[in-house]
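>
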Amino acid sequence: MKRANLLLLFFAVSLSIMAQYPYQNPSLSNAERAKDLLSRLTLEEKALLMCDESEAIPRLGIKKFFWWSEALHGAANMGNVTVFPEPIAMASSFNDALLYNVFDAASTEMRAQYNQRMLNGGEDQKFHSLSVWTPNVNIFRDPRWGRGQETYGEDPYLTSRMGLSVVSGLQGTPKLGGGKYLKLLACAKHYAVHSGPEWSRHEANLTDVSPRDLWETYMPAFKTLVQKGDVREVMCAYQRWDDDPCCGSNRLLQQILRDEWGFKYMVVSDCGAIADFYNSHKTSSDATHAAAKGVIAGTDVECGFGYAYSNLPEAVRRGLITEAEIDKHVLRLLEGRFSLGEMDDPSIVPWSKIPASKLNCKEHQQIALDMARQSVVL
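Under this note's numbering, the very last position in the sequence shown is 386; numbers go up by exactly one each time.
(1) Exposed or buried, what is residue 247 when buried is set at 16 or more other beta-carbons lying within 10 Å of its beta-carbon?
(2) Would residue 212 pass as a contact of residue 257 if the rule is Cβ separation under 8 Å?
(3) Among the candidates 80, 91 and 102, whose CA atom is the shortest distance from the CA of residue 143?
(4) Hey, out of 345, 37, 207 and 385, whose CA is closest to residue 57's CA?
(5) What is the C-beta distance between residue 347 and residue 189, in whole angstroms, given that I count them as a contact (C-beta under 8 Å)?
(6) Between the C-alpha atoms of residue 30 and residue 340, what's the straight-line distance to the nearest angstrom?
(7) Within a Cβ cutoff of 7 Å, which residues of the same chain sit near residue 55, ignoring the five residues on either side of it in sequence?
(8) What whole-angstrom Cβ distance do residue 224 and residue 195 have, given they're in contact under 8 Å?
(9) Return the chain-ordered ranges of every alpha helix (DSSP H) run that is complete within the stretch 189–273 and spans a minimum of 4 residues.
(10) Going straight from the alpha carbon of residue 364 to that of residue 335, what length do you get?
(11) What are the partner residues of residue 309, as DSSP defines its beta bridges?
(12) Let me know if residue 24 comes out buried or exposed under the rule of 16 or more other beta-carbons within 10 Å of its beta-carbon.
(13) Enumerate, from N- to C-terminal direction, the unbroken alpha helix (DSSP H) stretches of 4 or more residues contained entirely within the stretch 28–73.
(14) What does the alpha-carbon distance come out to for the pair residue 290 and residue 115?
(15) To which residues of the same chain is residue 382 closer than 7 Å at the C-beta, ignoring the five residues directly before and after it?
(16) Tell me whether the beta-carbon of residue 35 lies closer than 8 Å to the beta-carbon of residue 75.
(17) Taking 8 Å as the cut-off, does the stretch 171–188 touch the stretch 214–228 (at least 3 CB pairs, one atom from each stretch)?
(18) Give me the DSSP bridge partner(s) of residue 82.
(19) With burial defined as no fewer than 16 other Cβ atoms inside 10 Å of the residue's Cβ, what is the status of residue 66: buried or exposed?
(20) Pairs of beta-carbons, one from the stretch 263–283 and one from the stretch 298–313, closer than 8 Å: are there three or more?
(21) Spatial neighbours of residue 14 within its chain, please: CB distance less than 6 Å, with the 5 preceding and 5 following residues excluded, ordered by chain position.
(22) Have a look at the DSSP bridge pairing and note the partners of residue 139.
(23) So, residue 229 versus residue 202, is the Cβ gap smaller than 8 Å?
(24) By Cβ distance below 6 Å, which residues in the same chain neighbour residue 380 in space, the five residues on each side in sequence not counted?
(25) According to the neighbour-count rule (16 or more other Cβ atoms, all chains shown, within 10 Å of its Cβ), is residue 45 buried or exposed?
(26) Is it buried or exposed, residue 165, if we count other Cβ atoms within 10 angstroms and call 16 or more buried?
(27) Quick one: measure Cβ to Cβ for residue 110 and residue 368, integer angstroms, because I've assumed they're closer than 8 Å.
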């Protein structure tokens, strides 16, 4: 009888393992898992996953996921967290090592908030995600630009150095994450040639940027974060550059970013940038055409307020894009999600063990005070 029970247990465990899909197996690579999960998705589900508010797919065990969080000077919109000085002030410290500590603390608090929500049976929420649209590595060239305080100033070299510390502090390393998991996904924004003014960003067409200014001023920080910082997301900007919207520019997103610099991760749009194709830039006739244009150019995830990318199935039916083209982009975002461990059992993700006691703790308050003192200038 005992032998029979043992055999039954063995077969039950064997069947359980056999029933596990490859994408649910954390011992496989992120690429292998993403490829398997992609094969199980419908075209409509793929389109949903490419929107910044990605709905759950219960039949496959995929949770709701938001791509949009902010952490320019600490975790934004998250309640009881440590607030650090503005980036323009932290740049004045010229202390990239301390800046790493700032964003290591900020990412710890973002993980702690996320962990508490998951423990309490909650779901992912906007501004509470593990995908963080920071740092802003645009160049502050005009003091009238209303978002200049988000940047690290007018110097491309300083911006590059500070940006590296931000990305490293936010993402952690796979080694610290048990050999495979990142703490968060950081995002270099807004690519490219984006330095205000705000009022014209949805219509502007920048046709007078000299090659020297492009490569010596606007591009160095992005190139550095891609090639030396392993940043996992790049956000394309609102405006047009040489007649093409940045989020629909093959030259920016494919030729420079991927072909020249070797970027292999996700591109996300600024919020509403795809809709600008047909609303203000008039480079697309409608949302369906804009969705196809954005994806073909290289934008993997759309942030919007009514998603053009939900029309991707219609774009396929109209012959504007193929499902195979869409698949390339879905693979990238799935690999990004697997790298966070958000589809895995929390017990095997070291970052999931960060406790609520890290929120606005004395250690982080001291880092904020140290940075505030070092950021003071005459």
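Beta carbons are placed, not taken as given, at the ideal position from N, Cα and C, and that holds for glycine.
Reading it off the structure:
(1) Counting from one through the sequence shown, the residue named residue 247 turns up at place 239. Looking at its Cβ environment, which holds 16 or more other Cβ atoms inside 10 Å, residue 247 is buried.
(2) Looking up residue 212 in the sequence shown gives position 204. Looking up residue 257 in the sequence shown gives position 249. The answer is no: Cβ separation not under 8 Å.
(3) For the purposes of this step, residue 143 is identified with residue 135 of the sequence shown, where counting begins at 1. It is 80 whose Cα lies nearest to the Cα of residue 143.
(4) In the sequence shown, the residue the question calls residue 57 occupies position 49. For residue 57, the nearest C-alpha among the options comes from 345.
(5) Stepping through the sequence shown from its first residue, residue 347 is reached at position 339. Stepping through the sequence shown from its first residue, residue 189 is reached at position 181. Confirmed, about 7 Å.
(6) Start at 1 with the first residue of the sequence shown, and residue 30 comes out as number 22. Start at 1 with the first residue of the sequence shown, and residue 340 comes out as number 332. Rounded to the nearest angstrom, the gap between the Cα atoms of residue 30 and residue 340 is 17 Å.
(7) Taking the first residue of the sequence shown as 1, we reach residue 55 at position 47. Taken in chain order, the residues that qualify are 317, 318, 320 and 321.
(8) Stepping through the sequence shown from its first residue, residue 224 is reached at position 216. Stepping through the sequence shown from its first residue, residue 195 is reached at position 187. Contact flag wrong, Cβ pair sits at about 23 Å.
(9) Scanning the stretch 189–273 for uninterrupted alpha helix (DSSP H) segments of 4 residues or longer gives 228–235, listed from N- to C-terminal end.
(10) One-based indexing of the sequence shown puts residue 364 at position 356. One-based indexing of the sequence shown puts residue 335 at position 327. Separation of residue 364 and residue 335 (C-alpha to C-alpha, rounded to the nearest whole angstrom) is 38 Å.
(11) Counting from 1 along the sequence shown, the entry for residue 309 is found at position 301. Note: residue 309 sits in a beta bridge opposite 276.
(12) As a first step, residue 24 is located in the sequence shown; it is residue number 16 there, counting from the start. Since pLDDT at residue 24 reaches only 45, below the 50 mark, its modelled position is unreliable, and the value read off the structure follows with that caveat. Result: exposed.
(13) Secondary structure within the stretch 28–73: the alpha helix (DSSP H) runs of 4 or more consecutive residues, fully enclosed, are 38–46 and 51–57 (chain order).
(14) The sequence position of residue 290 within the sequence shown is 282, counting from 1. The sequence position of residue 115 within the sequence shown is 107, counting from 1. One Cα belongs to residue 290, the other to residue 115, and the distance between them is close to 39 Å.
(15) In the sequence shown, the residue the question calls residue 382 occupies position 374. A distance below 7 Å between beta-carbons, with the five flanking residues on each side excluded, links residue 382 to the following residues of its chain, in chain order: 101, 103 and 106.
(16) Along the sequence shown, one-based indexing puts residue 35 at 27. Along the sequence shown, one-based indexing puts residue 75 at 67. Going by C-beta atoms, residue 35 is not nearer than 8 Å to residue 75.
(17) Three or more Cβ pairs closer than 8 Å define a contact, and the stretch 214–228 falls short of that threshold against the stretch 171–188.
(18) Position 74 of the sequence shown, counting from 1, holds the residue named residue 82. BP columns for residue 82 point to 80.
(19) Here residue 66 refers to the residue found at position 58 of the sequence shown. Counting other Cβ atoms within 10 Å of its Cβ, residue 66 stays below 16 and is therefore classed as exposed.
(20) Taking 8 Å as the limit for Cβ pairs, the verdict is that the stretch 298–313 does touch the stretch 263–283.
(21) By one-based count along the sequence shown, residue 14 stands at place 6. Residue confidence for residue 14 is low, a pLDDT of 44 falling below 50, so the modelled location carries little weight; the figure read from the coordinates is stated next. There are no such residues.
(22) To locate residue 139, count along the sequence shown from 1; it is residue 131. In the DSSP output, where bridge partners are listed per residue, residue 139 has 193.
(23) One-based indexing of the sequence shown puts residue 229 at position 221. One-based indexing of the sequence shown puts residue 202 at position 194. Going by C-beta atoms, residue 229 is not nearer than 8 Å to residue 202.
(24) As a working note, residue 380 is residue 372 in the sequence shown. The residues are 93.
(25) Residue mapping note: residue 45 aligns to position 37 of the sequence shown, counting from 1. When all chains shown are included, residue 45 counts as buried.
(26) If you number the sequence shown from 1, residue 165 lands on position 157. That one is exposed.
(27) Within the sequence shown, residue 110 is the residue found at index 102, counting from 1. Within the sequence shown, residue 368 is the residue found at index 360, counting from 1. The pair is not a contact, with the Cβ atoms about 14 Å apart (cut-off 8 Å).
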